[in-house]
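Peer 1: Next up is a structure, given as structure tokens.
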Amino acid sequence: MKFGNGEDPGLDATDVAILQTLQQDCKSPLARIGDLVGLSAPSVSERIEKLEQSGVIRGYSAVLGSRELGLDVTAFIGVVVETPGGLSAFEETVVSIEGVLECHHVTGHHTLLLKVKAPTTEGLENLISRIRGLAGVVRTETTVVLSTHTERSQLPIGEHVTRRDGGSRRRNGRSSNSPRKLPARKTAQERQERQNHEN
Numbered sequence: 135m136k137f138g139n140g141e142d143p144g145l146d147a148t149d150v151a152i153l154q155t156l157q158q159d160c161k162s163p164l165a166r167i168g169d170l171v172g173l174s175a176p177s178v179s180e181r182i183e184k185l186e187q188s189g190v191i192r193g194y195s196a197v198l199g200s201r202e203l204g205l206d207v208t209a210f211i212g213v214v215v216e217t218p219g220g221l222s223a224f225e226e227t228v229v230s231i232e233g234v235l236e237c238h239h240v241t242g243h244h245t246l247l248l249k250v251k252a253p254t255t256e257g258l259e260n261l262i263s264r265i266r267g268l269a270g271v272v273r274t275e276t277t278v279v280l281s282t283h284t285e286r287s288q289l290p291i292g293e294h295v296t297r298r299d300g301g302s303r304r305r306n307g308r309s310s311n312s313p314r315k316l317p318a319r320k321t322a323q324e325r326q327e328r329q330n331h332e333n
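Mapped onto my numbering, the consecutive letters of the sequence shown carry residue numbers 135 to 333.
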């Protein structure tokens with residue numbers, strides 16, 4: 135499986151176990167992760183640092199409850215855009231609109247598919263109006279979510295992301311669009327200081 139700039143990150147079963155643990159709880163102590171994978175806390179810290187640098191780990195964030203925050207309306211908006219010039223302009227503009235969570239270039243009747251959230255149907259209507267007013271938009275079609283059965287933020291990782299040949303690990307490459315410094319988790323030095331304190 136290719137990541138970022140096309141380099142094979144050479145993930146092994148230990149990396150996958152670390153990633154699965156971090157996806158479930160990115161605040162898991164290094165010592166606990168080490169117990170799960172059979173490594174010392176400094177070794178876990180080193181692996182996490184390499185996963186960050188390679189772009190496999192792109193950041194850390196909290197999963198918030200949208201309804202608890204008053205965002206009760208979820209919808210998918212199919213957008214038909216004049217192409218090719220209108221597509222680039224739309225993508226550059228729509229990212230700044232509050233309430234637009236995802237923007238995907240898709241096949242089918244629409245050029246793009248947006249996932250949006252709004253506090254009320256009136257708020258959704260205003261959001262749709264803003265999107266329709268963007269340059270290059272021909273038409274939109276909105277599907278409102280009545281209820282949500284499954285909504286995952288965790289990626290399915292497993293054997294398909296590990297090296298099949300059992301060869302050496304390669305982490306020389308780094309994703310060009312992934313930051314080296316990640317704001318919501320401690321740096322390698324801070325993690326080491328925390329581990330020394332725990333010991």
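A virtual CB, placed ideally from N, CA and C, is assigned to each residue, including glycine. None of the values given here were measured: they were computed from a predicted structure.
For histidine 244, count the other beta carbons within 10 Å of its own beta carbon; 16 or more makes it buried, fewer makes it exposed. Which is it?
Peer 2: One-based indexing of the sequence shown puts residue 244 at position 110. So histidine 244 ends up on the buried side.
Peer 1: Runs of 3 residues minimum, wholly inside the region 168 to 238: which ones carry the beta strand (DSSP E) assignment?
Peer 2: Complete beta strand (DSSP E) runs here, min 3: 207 to 215.
Peer 1: So, is arginine 181 buried or exposed, given that buried needs 16 or more other C-beta atoms within 10 angstroms?
Peer 2: In the sequence shown, residue 181 corresponds to position 47, counting from 1. Result: buried.
Peer 1: Enumerate in chain order the residues of its own chain whose CB-to-CB distance from phenylalanine 224 is below 6 Å, with the five nearest sequence positions on each side excluded.
Peer 2: Along the sequence shown, one-based indexing puts residue 224 at 90. Excluding sequence neighbours, phenylalanine 224 sits near Val215, Leu268, Gly270.
Peer 1: Run through DSSP, which three-state label would alanine 269 get?
Peer 2: Working through the sequence shown from its first residue, we reach residue 269 at position 135. DSSP places alanine 269 in coil when its eight states are reduced to three.
Peer 1: May I ask which residues mark the beginning and end of the beta strand (DSSP E) holding leucine 289?
Peer 2: Locating residue 289 in the sequence shown gives position 155, where the first residue counts as 1. Segment: none, leucine 289 is in no beta strand (DSSP E) and carries neither H nor E.
Peer 1: Among residues of its own chain, excluding the 5 on either side of valine 278, which ones have a beta-carbon nearer than 6 Å to its beta-carbon?
Peer 2: Working through the sequence shown from its first residue, we reach residue 278 at position 144. For valine 278, where only same-chain residues beyond five positions count, the Cβ hits under 6 Å are Ala209.
Peer 1: Give me the Cα-Cα distance between leucine 152 and isoleucine 167, rounded to the nearest whole angstrom.
Peer 2: Taking the sequence shown and counting its residues from 1, the one referred to as residue 152 is at position 18. Taking the sequence shown and counting its residues from 1, the one referred to as residue 167 is at position 33. Correcting the residue identity first, residue 152 is isoleucine in this sequence and not leucine. Their backbone Cα atoms lie some 7 Å apart in a straight line.
Peer 1: Mind checking who threonine 277 pairs with in its DSSP beta bridge?
Peer 2: Position 143 of the sequence shown, counting from 1, holds the residue named residue 277. Threonine 277 is bridged to Phe210.
Peer 1: Spatial neighbours of threonine 282 within its chain, please: CB distance less than 8 Å, with the 5 preceding and 5 following residues excluded, ordered by chain position.
Peer 2: Looking up residue 282 in the sequence shown gives position 148. These residues qualify, in order along the chain: Thr208.
Peer 1: Buried or exposed: which applies to aspartate 169, given that a residue is buried once 16 or more other Cβ atoms fall within 10 Å of its Cβ?
Peer 2: Numbered from its first residue, the sequence shown carries residue 169 at position 35. Exposed, because fewer than 16 other Cβ atoms sit within 10 Å of the Cβ of aspartate 169.
Peer 1: Do alanine 252 and leucine 246 have their beta-carbon atoms positioned less than 8 Å apart in this structure?
Peer 2: Counted from its first residue, the sequence shown places residue 246 at position 112. Counted from its first residue, the sequence shown places residue 252 at position 118. Contact flag unset, no.
Peer 1: In chain order, what residues of the same chain have a beta carbon less than 6 Å from the beta carbon of glutamine 157, not counting five sequence neighbours either side?
Peer 2: Start at 1 with the first residue of the sequence shown, and residue 157 comes out as number 23. Answer for glutamine 157: Gln288, listed in chain order.
Peer 1: Which residue marks the beginning of the alpha helix (DSSP H) containing leucine 156, and which one marks its end?
Peer 2: What you label residue 156 is simply residue 22 of the sequence shown in a count that begins at 1. Start and end: 147 to 158.
Peer 1: Hey, would you say valine 171 sits closer than 8 Å to isoleucine 291, going by beta carbons?
Peer 2: For the purposes of this step, residue 171 is taken as residue 37 along the sequence shown, with counting starting at 1. For the purposes of this step, residue 291 is taken as residue 157 along the sequence shown, with counting starting at 1. Taking 8 Å as the Cβ cut-off, valine 171 and isoleucine 291 do not qualify as a contacting pair.
Peer 1: For glycine 233, which option in Asn260, Gly242, Thr217, Val213 has the closest C-alpha, if you only look at C-alpha atoms?
Peer 2: Taking the sequence shown and counting its residues from 1, one reaches residue 233 at position 99. Answer by Cα proximity: Asn260.
Peer 1: According to DSSP, alanine 252 sits in a beta bridge with which residue or residues?
Peer 2: In the sequence shown, counting from the first residue as 1, residue 252 sits at position 118. DSSP, once it has assigned bridges, lists Val207 as partnering alanine 252.
Peer 1: Restricting to Cα atoms, I'd like to know which of Thr227, Ile211, Ile191, Gln154 is closest to leucine 248.
Peer 2: In the sequence shown, the residue the question calls residue 248 occupies position 114. It is Ile211 whose Cα lies nearest to the Cα of leucine 248.
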